[in-house]
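Taken in order, these protein sequences are the chains called Z, R, W and A.
Under my numbering, the first sequence has 35 at position 35, and the numbering climbs by one with no breaks.
Under my numbering, the second sequence has 1064 at position 64, and the numbering climbs by one with no breaks.
Under my numbering, the third sequence has 2120 at position 120, and the numbering climbs by one with no breaks.
Under my numbering, the fourth sequence has 3054 at position 54, and the numbering climbs by one with no breaks.
Protein chains: 4
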Amino acid sequence: MSAVELSGDALAQACAQALLSRDAASRSLGIALEGARPGWARVSLRITETMVNGHAIAHGGVTFTLADSAFAFACNSRNEPNVALQASISYINAARLGDVLIAEAQERSSKGRTGVYDITVTRGDGELVALFRGVCYRIKGTVLEGAGT
Amino acid sequence: MSAVELSGDALAQACAQALLSRDAASRSLGIALEGARPGWARVSLRITETMVNGHAIAHGGVTFTLADSAFAFACNSRNEPNVALQASISYINAARLGDVLIAEAQERSSKGRTGVYDITVTRGDGELVALFRGVCYRIKGTVLEGAGT
Amino acid sequence: MSAVELSGDALAQACAQALLSRDAASRSLGIALEGARPGWARVSLRITETMVNGHAIAHGGVTFTLADSAFAFACNSRNEPNVALQASISYINAARLGDVLIAEAQERSSKGRTGVYDITVTRGDGELVALFRGVCYRIKGTVLEGAGT
Amino acid sequence: MSAVELSGDALAQACAQALLSRDAASRSLGIALEGARPGWARVSLRITETMVNGHAIAHGGVTFTLADSAFAFACNSRNEPNVALQASISYINAARLGDVLIAEAQERSSKGRTGVYDITVTRGDGELVALFRGVCYRIKGTVLEGAGT
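In structure tokens:
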């Protein structure tokens, strides 16, 4: 079955899985794909000893990377490849060794070739860890290699 | 010799080395400290296979993490601990497998308990990879454990 | 009745009205206070001929100013004065001559002396005009002059 | 002489003047164009009584609007129309009644259809008031109406 025959949710999942399979950075951290739909994605990550400082607090770059992966899966969920132009993160509560973080990305706008996405990062106890907002730009091609053929 | 007897540059270097020694996330990526002065720091990182996607382009989270480490070393360079409140990154050119990235952080303002830092990330060929701006907030204590004692 | 005797909502409204009465910039634009509660505020503005360009599109600074006023009313709603440290805006749809814009500010976090607020700006037809996120910092004193006395 | 015959600096000045002549918002505030070159612009504004609060401090929206105008003149300086996608501002020092603010915009990147610009806002005494960074996106057409004809 070609990619163009997939329904919205199945296409979003196929795109996210394809991206994750090619993304050694996300996989080497241990980022797991929890779900994907058009304009939406959820990923998770357990904070391990190589992600924290001497006070057992996660590096801000780890939290950012998790949110950025959710952003990528959400903005590529329609088999149209998008690249990040700009992203901002506000840190709210610390993530600590052993915490499982959840990042959930939601499209706020997709117009012409640009989009805006909001990503929230929370801990297992429901506390907010960070708020991330990303702006993306659509480039040519498809996310799935065989898409459209 | 206690930390308080160190001069500005030596204190900045001692603070950065102390932070890096406690920061498993930066060390596990391979981030190297290239220099530190009051309000300034430079770090470097070689992009390896676990940092790229299937097109050999570095994950945006890796570039962010490098810039964030430079930010941390610069804003903690006076032995006063600061935490990041907010950071923004604009992506300019891709970083690729094998590139050595340099992130240089410069204080733009430090007033009361808050500061603003600009970080530029460049490739070995001098091309701009990303522009990062961070806002930090000073907390109590010292960066060096024995400082002031 | 002193300010400290006011309930949450009444205190938020008193703070917002006090700020607006002192804020010649918001008043000269025509910004109207639509409501205030603890951590929340809503303001509105009709786009007039002095706010647009030759294509009848509102200046980005007007949209920002409206969102910034909502942010100020929300983050000062507990009679503790806060100043903006940083703000970001993403533009989604144009605002045009004659449009009535609504900006609604919601607290996402308030911890220690810093807070994060999300502000959405919409047109009368419900379309999203802009997304604004602000970081604030609490200073000493009170919003209401006689508060606490 | 048609617009396409103008040299870089003259074209930048013609574009900025054309934009300012159509921009009732900037003109009604009193924003003055101080200079324009390809990828660069400088504007100024005197803070008047309708721009400040009860403590004689300029509204953050006024500072933002000034920076945003400099951004617009710089990113439209090559007669290719650009619109703002996203902007961030960090507030450093207050601007007060009577201050003359200068906003200077410098292109940091212009690639494909997107660009990144840094704008600094300073007071007459040289103190930094704010740092602004904007991301823009090129649309079709020209800035000068008769350009290319």
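Ideal Cβ positions, reconstructed from N, Cα and C, are used throughout, including at glycine.
query: Would GLN86 of chain Z count as contacting chain A if we go by Cβ distances under 7 Å?; result: yes
query: Would you mind reading off the limits of the alpha helix (DSSP H) that contains VAL2062 of chain W?; result: 2060-2075
query: Can you list the alpha helix (DSSP H) stretches of 4 or more residues lying completely in the stretch 2007-2034 of chain W, in chain order?; result: 2008-2022 and 2024-2029
query: Applying the criterion that 16 or more other CB atoms from any shown protein chain within 10 Å of the CB defines a buried residue, is ILE31 of chain Z buried or exposed?; result: buried
query: Is it buried or exposed, GLY3115 of chain A, if we count other Cβ atoms within 10 angstroms and call 16 or more buried?; result: buried
query: Report the residues of the stretch 61-94 of chain Z with a CB closer than 8 Å to any CB of chain W, ordered along the chain.; result: SER88, SER90, ILE92 and ASN93
query: Helix, strand or coil for THR3048 of chain A? Go by DSSP, reduced to three states.; result: coil
query: Is it the case that the Cβ atoms of LEU2097 of chain W and VAL2052 of chain W are separated by a distance below 7 Å?; result: yes
query: Given the structure, does ALA3105 of chain A come close to the ligand SAH, in the sense that its CB is under 6 Å from one of the ligand's heavy atoms?; result: Ligands are entirely absent from the displayed structure, and the ligand SAH is therefore not among its contents.
query: Pull out every residue of the stretch 3129-3141 of chain A whose Cβ sits closer than 7 Å to any Cβ of chain Z, in chain order.; result: VAL3135 and TYR3137
query: Interface residues of chain R around THR2114 of chain W at Cβ under 8 Å?; result: LEU1085 and TYR1137
query: Who are the near neighbours of ILE139 of chain Z in its chain, counting only those whose CB is closer than 8 Å to its CB and skipping five residues on each side?; result: PRO81, ASN82 and VAL83
query: With GLN2086 of chain W and ILE3089 of chain A assumed to form a contact (beta carbons below 8 Å), what rounded beta-carbon distance in angstroms separates them?; result: 7 Å
query: Excluding sequence positions up to five away, which residues of its chain have a Cβ less than 8 Å from the Cβ of HIS3059 of chain A?; result: MET3051, VAL3052 and ASN3053
query: Less than 7 Å separating the beta-carbons of CYS3015 of chain A and SER3077 of chain A?; result: yes
query: Below 7 Å on C-beta distance, what does VAL2052 of chain W contact in chain A?; result: ALA3024 and ALA3025
query: Just checking: is the beta-carbon of SER28 of chain Z within a distance shorter than 7 Å of some beta-carbon in chain R?; result: yes
query: If we ignore side chains and look at the alpha-carbon of each, how far apart do VAL143 of chain Z and ALA2012 of chain W end up?; result: 49 Å
query: Is any beta-carbon of chain Z found at less than 7 Å from that of SER2021 of chain W?; result: no
query: Have a look at the DSSP bridge pairing and note the partners of ARG3037 of chain A.; result: A:TRP3040
query: Tell me whether the beta-carbon of PHE1073 of chain R lies closer than 7 Å to the beta-carbon of TYR1117 of chain R.; result: no
query: According to DSSP, is GLU2127 of chain W helix, strand or coil?; result: coil
query: Please state whether the Cβ-Cβ distance between GLY3112 of chain A and THR2065 of chain W is less than 7 Å.; result: no
query: Can you give the beta carbon distance from ILE1119 of chain R to ALA1094 of chain R, rounded, assuming they're within the 8 Å contact cut?; result: Wrong, their Cβ atoms sit about 18 Å apart, outside the cutoff.
query: Taking Cβ-Cβ distances shorter than 7 Å, what residues in chain C pair up with ARG96 of chain Z?; result: The question asks about chain C, but that chain is absent: this structure's protein chains are Z, R, W and A.
query: Span of the beta strand (DSSP E) holding THR114 of chain Z?; result: 114-122
query: Since I believe ILE1092 of chain R is in contact with ASP3109 of chain A (beta carbons under 8 Å), could you give me their beta-carbon distance rounded to a whole number of angstroms?; result: The question names Asp, but residue 3109 of chain A in the sequence shown is Ser. Right, the Cβ-Cβ distance comes to about 4 Å (below 8 Å), so this counts as a contact.
query: GLU2049 of chain W versus chain A: which residues are under 8 Å apart at the beta carbon?; result: ALA3024
query: Considering just the uninterrupted stretch of the beta strand (DSSP E) at ASN2079 of chain W, what are its terminal residues?; result: Element bounds for ASN2079 of chain W: n/a, residue is neither H nor E.
query: Name, in chain order, the residues that DSSP records as bridge partners for GLU1145 of chain R.; result: DSSP, once it has assigned bridges, lists no residue as partnering GLU1145 of chain R.
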